[in-house]
Amino acid sequence: MFNSKNQVQNGKVQYQNKSQKQKKRDQQQDKSTTIKFENLQECISNYEKVQEEQELKQDIVGNMIFDQDDQSYYHEESLKYLRLAKEQEDRQKKRDYNKKYVIEKKNIPSQKIGQKLEANQEMKKHQKEQITEKQQFFENRKEQFQKNERLLSKLEESFYNNNSNFNTLWEDSENNLKAQVDMISEKILKPIQVNLSEKEISITLCNQNQLIIGRSGTGKTTTAVVKLTSMQMGYEKAQQSNQDSQESEELRICFTTISNFLTLDVENFFLRIMNQPQRRAFSKPNMLCQIRKWPHFTNLKELILQIDGNLAVPFIQRDDTGKIIQAQNMEINLENRLIVKLKDEINNNLYSEIGIRQFVEEFWQSNKKSFDQRKIDPYVAFSQINSYITGNQASYQNEDNMIPEEKYLNLVGKNKTDLDQEQKMGIYQICKEYQKWKYSKKYFDLNDVINYIIKNILEGNYNSENGYFHYLFVDEVQDLNCACLYLLCLLTEQNVYLGGDTAQTISQENSFKFADLKAIFSENNKDDHYQANQVLTSELNETQLIQNFRSHGQIIELNNAIVELLRIFFPTSLDILNPEISFNKGPKPILLDKREHLYNFLSQDSDINENVDYFGRLQVYIVKNQEEKASLKQLLQKEGKKGQIFTVLESKGLEFQDVIVYKLLSSSFNSTKCWNALNLLKISDDKIPIEDFKLKYHCQMKEEFEGSTFSRTKGSNFVNMKIISKQENTDAQIKKEYAQDFSKLINELKNIYVTFSRARSRIFIYEENIFVGKQIKNPIIKFLEDLRIIEVEELNEELIEKIMKKHLDYIKKHEPIKNNKQQFISMAEMLKERKQFLDAAYYYDTVGDELNKRICIGKNKIFEVQKKIEDKKEQFEKEKKQMLEGQVEIKNLVFYQSIKNDLLEAIENLKGSQEFELKAQVYFKLGMYNEALQNYKEFKNVLLDPSNLNQDHSKIKEVDRNIKHIYFLKANLLEQYINNQNALEQNYKELENFLEKDGIQDTKVQLYLSFRLNDYEKLFNNLIKFKENNLIEKEDLIHILHYYYPKILDIKLQQIMQIDTDGKQQKVLNNSKTILGKVLIELIQQLIIPFKQEFIRIAKSRQNMEFFQEQLKFFNQLSNTYQLKQLDEQQQYINGENLMLFYLMLIQFDCLEQQKKFNDILQIIHKKFKINSMK
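Residue numbers for the sequence shown follow this note's numbering, so the first one is 1 and each next one is one higher.
Structure below.
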């Protein structure tokens, strides 16, 4: 086919004046060739129609647009065609005027190729123009932004201007913060038994950068919300009392944290204090400058993306409204990963967001053999990369977003981790490989976005108008790296409030240190090479909340003991902070070696009131790793016991009433004998003056209290404390016996600390074979027993009863029975957000929430199946394609069928829920398009429900796009593989009804559907309507006319000319020039006038200007003849330009039959005119 077509195009058509005899002789010689040529022409024509149809369908299915064309087909013909066009042009000038319009059939195929080649070249030119325009647009935006005041200078000026506006918050006696704090304390907090300490009140009144450090239960988050709310209330009150003064801008406060669950919780607390209803958001702001309602509560990822939207050229491509242009993607996305185009990406490359899971399961596994040789844990490696190498505040200064290796080694320090120098250097090399792998896979992470934003802000490519905060509140700041915090501080005008949790920083996979954070804030930044605003050049005031109101003293002391060991052995491995205290006395952690004793304690509770909706205590078993978790789970099932089991890593960030530390101490001791170094420590008693104690701990001192490591007797001026210290030669002995292996103890200590710090009320340490004779063999247990902070006794019935009575007294006093359903639901919601679906299902099951339990089980199943598909993605897609095309029986598609069974099982668990989007994604993944369509439509109904407080219009549009996409995928299958024309038309009809019913305006799809459903009248009317209303771009309109207009011409000609089969109407037409004139006028009026400008553009692009002018001259002469002039005296329709355009369009669109009809009309009206005299 292609060779034959090339032969046609390479053939030189000779146009020479010959004698009549010579012509006859040539015709006889070419008779057989002409027949073959005509057959070839028909074959080429049919092939091109198929090509056009496939191109159009690919455009719609892949992009929903018509502005792409398959250029490869015509590219190879370009030079040949241009030579042919040149030869034709030369011959044209030599011909006689009367014969220059001759159309010979031999020229039709090459002319058609030429036309399409020129159209393709024009499209290519247009695409280059678009690229140039896009690049110019970006340059103009950058130039415009750089002409404006730079953000930093704007903030500096605004800082001083706004200081006077905000002074009322800090100084005015009537409307100051103190008045608002007092009101909130009295009316909101006291009724729920929450009292602010003097230190917490002083925090709310501080007008400086603040770092508030404290564990959960110390009032850290409560203090943040009270401060934020009192600032808002005070500012509003000041505005109302100063009505005569010029209205100042709205107070721009932003609260953010990494957890969406915590963000919503804080926002609801704020609204409750302000006595405001829940906010109704129809769509989230896409850019920071679009925020209209302050304070702004958002999770960290959303905030970073909103800041990115304010850039001249955002890292992620967006539409005109700033909304991120998500890929046409319906993949299962339980992790809410972004799949987008980046920056000024002109090709259709899509990039996926990744995190620690992809780092461990994809990148690390693909290099596992070489990485394992370096003896580095993947979680530790990721933490080092994320915290120090690509997450440093100076990472943006390098093209690869990595700080230099030497700087990284200096930052980490000699004893900051358990990593030796070789391992640290190995991690840096791993980071290099990770960056290359990430880009090769078209992945990006949040650090890539952050570093890009910082760089552009400092270069002035940022919209500073409404793109900043007056005050910033960040909770759980330990979850942010320095680069992220630096970015947020760059955008903050006045000061920041940072809240951090000490318990969360001491964990194996976290490299965060408060000391690293504080280094960002310094007066030295004024002279640094990276620019700094008022926030970054001011010191960070640190306050530690050490008095815990939630956990009791016996648990706090146990945690402090582990921290003290870290301080003694590894002083640079953690922030040196004051130990926490609590004056509440509770059950001392107890060591158990018999499971029946453990079960008795766990079943212990207050007397349960039948009228109270009570679901038991929040209890959890914590083990070291997944292997021990599986073993314990099997054991509990065997013994008929229920219990939730977490590994140390899974428990991070959670809190429970009771924690069972299950064989963790023995597992840790067995993993390293370095624990024997505890025998080198000494424990001594000491006395501290009461005033010194108060000064150190900043706490409310009780007259009398008794603890395990510190106590005070009534009337005493001293506090008794136990002191842990090294013996002589301890360091030398450690170096001699354990050498470099000793650093392994860091992670073991951190794991134990995380485990103990999960408990609020009781800790049960379960171990087997504790004693060798009467001696404790495990040095960890012995050390804790020497401090007297755990109960270590051989239990008998009498002693157990005595201890249980103490426990019960504490529970009755401090944890009275109440409706605690919400406590379990909150735990479930938090676990669901963390993607711990089975753990969440356990807590939903506890409170009898069967639906949410099934949803979590279903989501967990989908999550597991996703990993299976990722491991064998190519095999799954291959078998799915074979299933859709009917190439292979389903029973032979083993992998696809197993995946399908698993996902359908998951779908069964989702029945009755409103997880329509997830169900649609699952069905789409399986190729079950009808079911996917049904669920997407259900999901849209949910989004449109008036009772939905968060109607996201952008999400509704996304669902509409997905529905259209599925319809076209179905059409492709029905046409190419199933060959069912009725089902195909029904599919298109359903899509058309969907668009009309929901009022969806998609001009290109609507035109295509009318065409495929043979509704040409609707197609023509829509073309007119869309053009008049400017709903189609000019370039798109040209392309659309090329595709649809030939059929419209054919139908319209038949309708207007009304030629009957018996020929009677034809006879009337042949004998009535007046009727034919009306027909001609109607043809021009309907077919030419609406698109006249487009036709002129097409005609000029297809012909050289000399030829175009000659044609126009000829048709002007024709239109001015008496026969045509009398039909349209004003020449409104029958004029040279319109006649020429009509005829040229018939040629350009290859409407051969229509050319003949047009010729018949003109010949009857003007006898001298002959169509075959035109070229």
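Ideal Cβ placement from N, Cα and C applies to all residues, glycine included.
Item, Value
"Kindly indicate which three-state DSSP category M287 falls into: helix, strand or coil?", "coil"
"Between the Cα of I622 and the Cα atoms of A483, V477, D839, S551, which residue gives the shortest distance?", "D839"
"Can you check DSSP and say which residues form a bridge with I765?", "L591, V661"
"State buried or exposed for H953, treating a residue as buried only when at least 16 other CB atoms are found within 10 Å of its CB.", "exposed"
"With a cut-off of 8 Å, do at least 3 Cβ pairs link the segment 591-606 to the segment 822-831?", "no"
"Who are the near neighbours of K341 in its chain, counting only those whose CB is closer than 8 Å to its CB and skipping five residues on each side?", "I316, Q317, I325, A327, N348, N349, L350, Y351"
"Any idea what DSSP makes of Y443, helix, strand or coil?", "strand"
"Give the secondary structure of K911 by DSSP, where H, G and I count as helix, E and B as strand, and everything else as coil.", "coil"
"How far does the beta strand (DSSP E) with P689 in it reach, from first residue to last?", "681-689"
"Between which two residues does the beta strand (DSSP E) containing N930 stretch?", "From DSSP, N930 is part of no beta strand (DSSP E) but of the alpha helix (DSSP H) over 929-944."
"Could you check the C-alpha separation between K964 and L991 for me, to the nearest Å?", "7 Å"
"Using 8 Å for Cβ pairs, my map puts R252 next to H470. What's the rounded Cβ distance?", "5 Å"
"From D1060 to L1080, what does the alpha carbon distance come to, in whole angstroms?", "The predicted model places D1060 with a pLDDT of 41, which falls under 50 and marks its position as unreliable; any figure quoted below should be read in that light. Going by the C-alpha atoms only, they are around 18 Å apart."
"Could you tell me which residues DSSP pairs with R318 in its beta bridges?", "I324"
"Check V719 in the structure and name its three-state DSSP category.", "strand"
"Using C-beta distances below 6 Å, list every residue in its chain close to Y936, excluding the 5 sequence neighbours before and after it, in chain order.", "A920, V959, N962, I963"
"Since Y497 sits in a beta bridge, which residues does DSSP pair it with?", "Q210, F473"
"Quick check on Y977: buried or exposed, where buried means 16 or more other Cβ atoms within 10 Å of its Cβ?", "exposed"
"By Cβ distance, which residues of its chain are closer than 6 Å to D845, with the 5 residues on each side in sequence left out?", "K853"
"Should L598 and F656 be called a contact, given that it needs their Cβ atoms to be closer than 7 Å?", "no"
"Can you name the start and end residues of the alpha helix (DSSP H) that V623 belongs to?", "Per DSSP, V623 belongs to no alpha helix (DSSP H); it is in the beta strand (DSSP E), 619-623."
"Output needed for N63: all residues of its chain with C-beta closer than 7 Å, excluding positions within five of it in sequence on either side, in chain order.", "Reliability fails at N63, whose pLDDT of 42 lies under 50, so the model's placement of it is uncertain and the value that follows must be treated cautiously. The answer is none, since no qualifying residue turns up."
"What is the DSSP secondary structure of Q9, reduced to helix, strand or coil?", "Because Q9 carries a pLDDT of 36, less than 50, the predicted location of this residue cannot be relied on, and no value is offered for it."
"So, for Q1155: in the same chain, excluding its five sequence neighbours on each side, which residues have a beta-carbon less than 6 Å away from its beta-carbon?", "L1146"
"Do E580 and N541 have their C-beta atoms closer together than 7 Å?", "no"
"Between which residues of its own chain and C674 is the CB-CB distance below 7 Å, once the five residues before and five after are set aside?", "Y738, D741, F742, K744, L745"
"For V313, does the three-state DSSP call read helix, strand or coil?", "coil"
"Please check the pair L1259 and T256, which I expect to be a contact at CB under 8 Å, by giving their CB distance rounded to whole angstroms.", "A query on residue 1259 cannot be resolved here, the shown segment of the chain reaching from 1 to 1175 and no further."
"Count the other C-beta atoms from every protein chain shown that fall within 10 angstroms of the C-beta of G553, then say buried if there are 16 or more, exposed otherwise.", "buried"
"For V1068, count neighbouring C-beta atoms within 10 Å of its own C-beta (all shown protein chains included) and say buried if the count is 16 or more, exposed if not.", "Since pLDDT at V1068 reaches only 48, below the 50 mark, its modelled position is unreliable, and the value read off the structure follows with that caveat. Exposed is the call here."
"Would you list, in sequence order, the uninterrupted beta strand (DSSP E) runs of no fewer than 3 residues that lie entirely inside the segment 358-412?", "none"
"Expressed to the nearest angstrom, what Euclidean distance is found between the alpha-carbon atoms of Y1133 and Q1085?", "7 Å"
"Give me the Cα-Cα distance between Y1016 and K343, rounded to the nearest whole angstrom.", "41 Å"
"State the DSSP-derived secondary structure class of N1159, mapped to helix, strand or coil.", "helix"
"Going straight from the alpha carbon of M287 to that of N401, what length do you get?", "24 Å"
"Under three-state DSSP, which class holds H552?", "coil"
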